[in-house]
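Enquirer: Got a structure here, written out as structure tokens. Questions coming.
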Amino acid sequence: MNIRMISKLAAGAAVIALTAGAVQAQEEVEVLHWWTSGGEAAALNVLKENLQKEGVGWKDMPVAGGSGVQAMTALRARVTSGDPPTAVQMLGFDIKDWAEMGVVGNLDELATQQGWDKVIPAALQEFSKYDGHWIAAPVNVHSTNWLWLNKAALDKAGGKAPENIDELIALLDKFKEQGITPLAHGGQPWQDGTLWESVVLSTGGMDFYKKAVIELDPESLSGDTMRKVFDTMSKLRTYFDPNFSGRDWNLSTALVIEGKAGAQQMGDWSKGEWLRAEKKPGTDFVCIRFPGTQGSVLFNSDQFVMFDIGEEKRDAQLKMASAVEDPAFQIAFNTVKGSVPARTDVPDTEFDDCGKKGMKDLAEAASGGTLAGSLAHGHAQPGAVKEAVFDVVTQHLNGQLTTEQALQRLPEAVAAAQ
Ligand code: BGC
Numbered sequence: 116m117n118i119r120m121i122s123k124l125a126a127g128a129a130v131i132a133l134t135a136g137a138v139q140a141q142e143e144v145e146v147l148h149w150w151t152s153g154g155e156a157a158a159l160n161v162l163k164e165n166l167q168k169e170g171v172g173w174k175d176m177p178v179a180g181g182s183g184v185q186a187m188t189a190l191r192a193r194v195t196s197g198d199p200p201t202a203v204q205m206l207g208f209d210i211k212d213w214a215e216m217g218v219v220g221n222l223d224e225l226a227t228q229q230g231w232d233k234v235i236p237a238a239l240q241e242f243s244k245y246d247g248h249w250i251a252a253p254v255n256v257h258s259t260n261w262l263w264l265n266k267a268a269l270d271k272a273g274g275k276a277p278e279n280i281d282e283l284i285a286l287l288d289k290f291k292e293q294g295i296t297p298l299a300h301g302g303q304p305w306q307d308g309t310l311w312e313s314v315v316l317s318t319g320g321m322d323f324y325k326k327a328v329i330e331l332d333p334e335s336l337s338g339d340t341m342r343k344v345f346d347t348m349s350k351l352r353t354y355f356d357p358n359f360s361g362r363d364w365n366l367s368t369a370l371v372i373e374g375k376a377g378a379q380q381m382g383d384w385s386k387g388e389w390l391r392a393e394k395k396p397g398t399d400f401v402c403i404r405f406p407g408t409q410g411s412v413l414f415n416s417d418q419f420v421m422f423d424i425g426e427e428k429r430d431a432q433l434k435m436a437s438a439v440e441d442p443a444f445q446i447a448f449n450t451v452k453g454s455v456p457a458r459t460d461v462p463d464t465e466f467d468d469c470g471k472k473g474m475k476d477l478a479e480a481a482s483g484g485t486l487a488g489s490l491a492h493g494h495a496q497p498g499a500v501k502e503a504v505f506d507v508v509t510q511h512l513n514g515q516l517t518t519e520q521a522l523q524r525l526p527e528a529v530a531a532a533q
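Residue numbering for the sequence shown follows this note's numbering, beginning at 116 and increasing consecutively.
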């Protein structure tokens, strides 16, 4: 063999190696997400395994922190350094923001082929599409106006689920008498905001929520109804345990699961923790709409946004988006996660009673005009406004602002953030 032949062979081997490398790289997705609690990770596993069956590898990029605040900071750093991940879990207005920057991929072809237009509800399409193009694959629909109760504690307190704030307060008093923490709350701005939006909806009803939170009407943000909201927040604060500050949401759920606390106000991802602990709805726990919000749904939807990172990643991205919209996956994932399907054509048969209620409530709210985006989970306002509200709500809850000051600050902070 002469030198020329050897170098030709070597070059050939290099090409083969390169191609093999490229194929391997092509068939892997790097996924940035914040699903790090037990229930969340179990749900995500369903997707990982489905993709593995399709020959698509999974590079995990978990960034802990409920509602994705820290995940979005990590994403900004990755994009700024010119190295965005393949796919990113994202909520509502964040999707719009990234789309506007022109860095996300287009899923039109797949969406058309699979008829997404017909099965994804309009409220989600509002965020899955930008400028008429599909740019995200919705995984689920979560809802935030729920209350999770320890069944044994509730039974001991008489067994009646509260239907308004007064009944809730009466129940929390009974939990107090039982010697448990009445309301398990984690003091983080997004959790304070999640509680606040349920109290807003309960106090003023859906029309008021829309006026105050969606339209940002200054009078609604500072008037008598909002005064009641802040007063109720102060009252609820008296039912927290001394260690609430900074606590992660799933640790609060654990307190209710263990019977150390009676109730938690939280989105239905909370159910994922109960199921993970092998607890059953109706037997071990009770899920009800946050008292006073029956008939209305505040929603958020986790979607996967595919970043535009070149043709060689595209095949794996499309496989992932397709796996997410598969009706069988929608059932397998959402029954574990606590959410309900993002598609309207998935039957509820496999879902437990809370899931069935979630699906029914969502459909009724969508057709009856009582469905609105969750502020705390990115579906009511862009990030800056959301944060401005969090600031006021958290400071007030921690006693740094009086109700009077909060009522003055709220419209000011919102106006400055717009
Ligand atoms: C997401 C859920 C997640 C929850 C807690 C929400 O914003 O939509 O999927 O489980 O945050 O991290």
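Think of the CB as a built atom: it goes at the ideal place given N, C-alpha and C, for glycine as much as any other residue. Predicted model only: the values in this text are computed from it and were never measured.
#1: Answer yes or no: do residue 488 and residue 480 have a C-beta to C-beta separation smaller than 9 Å?
#2: With 16 other CB atoms within 10 Å as the buried threshold, where does residue 462 fall?
#3: Taking all protein chains shown into account, decide if residue 513 is buried (16 or more other Cβ within 10 angstroms of its Cβ) or exposed.
#4: Who are the near neighbours of residue 200 in its chain, counting only those whose CB is closer than 7 Å to its CB and skipping five residues on each side?
#5: How close, in whole Å, do the beta carbons of residue 261 and residue 466 come, if the pair is a contact with beta carbons under 8 Å?
#6: Measure the Cβ-Cβ separation of residue 419 and residue 252 and say whether it is below 9 Å.
#7: Counting only the same chain and skipping the five closest in sequence on each side, list residues whose C-beta sits under 7 Å from that of residue 471.
#8: Going by CA-CA distance only, name the one from 517, 515 and 507 that's closest to residue 527.
#9: Find out if the Cβ-Cβ distance for the pair residue 411, residue 348 is shorter than 9 Å.
#10: Could you give the residue range of the beta strand (DSSP E) that holds residue 258?
#11: Specify, as a first and last residue, the run of the alpha helix (DSSP H) that residue 403 falls within.
#12: Helix, strand or coil for residue 360 per DSSP?
#13: Quick one: grab the DSSP three-state call for residue 415.
#14: Please report the residue range of the beta strand (DSSP E) in which residue 148 lies.
#15: What's the C-alpha gap between residue 153 and residue 219?
#16: Tell me which same chain residues have a C-beta within less than 7 Å of the C-beta of residue 375, skipping the five on either side of it?
#17: Taking the Cβ atom as the reference point for each residue, do residue 196 and residue 473 lie within a distance shorter than 9 Å?
#18: Compute the minimum distance between the beta carbon of residue 182 and the heavy atoms of the ligand BGC, and state whether it is under 8 Å.
#19: Assuming the contact rule is C-beta atoms closer than 8 Å, residue 337 and residue 525 should be a hit. Round their C-beta distance to whole Å, please.
#20: Tell me which same chain residues have a C-beta within less than 6 Å of the C-beta of residue 126, skipping the five on either side of it?
#21: Can you tell me whether residue 349 sits near the ligand BGC, meaning its C-beta is under 8 Å from at least one heavy atom of the ligand?
#22: Just the C-alpha distance for residue 515 and residue 290, rounded to the nearest angstrom, thanks.
#23: Following a CB-centred definition, is residue 377 positioned closer than 8 Å to any heavy atom of the ligand BGC?
#24: Going by the beta-carbon positions, is the gap between residue 366 and residue 301 smaller than 9 Å?
Expert: Walking through what the data contain:
#1: As a first step, residue 488 is located in the sequence shown; it is residue number 373 there, counting from the start. As a first step, residue 480 is located in the sequence shown; it is residue number 365 there, counting from the start. It is not a contact, given that the beta carbons lie outside the stated cut-off.
#2: Numbered from its first residue, the sequence shown carries residue 462 at position 347. Exposed, by the Cβ-count rule.
#3: Residue 513 sits at position 398 when you count from the first residue of the sequence shown. Exposed, because fewer than 16 other Cβ atoms sit within 10 Å of the Cβ of residue 513.
#4: The count along the sequence shown starts at 1 and reaches residue 200 at position 85. Within the same chain, residue 200 has close Cβ partners 145, 146, 147, 176, 193 and 422.
#5: Taking the first residue of the sequence shown as position 1, residue 261 is located at position 146. Taking the first residue of the sequence shown as position 1, residue 466 is located at position 351. Contact flag wrong, Cβ pair sits at about 15 Å.
#6: For this step, residue 419 is matched to residue 304 along the sequence shown. For this step, residue 252 is matched to residue 137 along the sequence shown. Yes. Within cutoff.
#7: By 1-based counting over the sequence shown, the position of residue 471 is 356. Around residue 471: 463.
#8: Within the sequence shown, the letter at position 412 stands for residue 527. Checking every option, the nearest Cα to that of residue 527 belongs to 507.
#9: The residue given as residue 411 occupies position 296 in the sequence shown. The residue given as residue 348 occupies position 233 in the sequence shown. Cβ distance not < 9 Å, so residue 411 and residue 348 don't count as in contact.
#10: Taking the sequence shown and counting its residues from 1, one reaches residue 258 at position 143. That run of the beta strand (DSSP E) goes 255–258.
#11: In the sequence shown, counting from the first residue as 1, residue 403 sits at position 288. No alpha helix (DSSP H) contains residue 403, which is instead part of the beta strand (DSSP E) from 400–404.
#12: Stepping through the sequence shown from its first residue, residue 360 is reached at position 245. Three-state result, residue 360: strand.
#13: Taking the sequence shown and counting its residues from 1, one reaches residue 415 at position 300. Per DSSP, reduced to three states, the secondary structure at residue 415 is strand.
#14: As a working mapping, residue 148 is identified with position 33 in the sequence shown. Residue 148 -> beta strand (DSSP E) spans 143–148.
#15: Here residue 153 refers to the residue found at position 38 of the sequence shown. Here residue 219 refers to the residue found at position 104 of the sequence shown. Their backbone Cα atoms lie some 30 Å apart in a straight line.
#16: Locating residue 375 in the sequence shown gives position 260, counting from the first residue. Around residue 375: 295 and 296.
#17: As a working mapping, residue 196 is identified with position 81 in the sequence shown. As a working mapping, residue 473 is identified with position 358 in the sequence shown. Cβ atoms of residue 196 and residue 473: not closer than 9 Å.
#18: Within the sequence shown, numbered from 1, the residue matching residue 182 stands at position 67. Residue 182 Cβ: within cutoff of the ligand BGC.
#19: One-based indexing of the sequence shown puts residue 337 at position 222. One-based indexing of the sequence shown puts residue 525 at position 410. Confirmed, Cβ separation roughly 6 Å.
#20: Here residue 126 refers to the residue found at position 11 when the sequence shown is read from its first residue. Caution applies to residue 126, whose pLDDT of 44 falls short of 50 and renders its modelled position unreliable; the model cannot decide the point.
#21: Numbered from its first residue, the sequence shown carries residue 349 at position 234. It does not: the Cβ of residue 349 is nowhere closer than 8 Å to a heavy atom of the ligand BGC.
#22: As a position in the sequence shown, residue 515 is number 400, starting the count at 1. As a position in the sequence shown, residue 290 is number 175, starting the count at 1. Answer to the nearest angstrom: the Cα atoms are 27 Å apart.
#23: Working through the sequence shown from its first residue, we reach residue 377 at position 262. Closer than 8 Å to some heavy atom of the ligand BGC: that does not describe the Cβ of residue 377.
#24: Indexing the sequence shown from 1 puts residue 366 at position 251. Indexing the sequence shown from 1 puts residue 301 at position 186. Going by C-beta atoms, residue 366 is nearer than 9 Å to residue 301.
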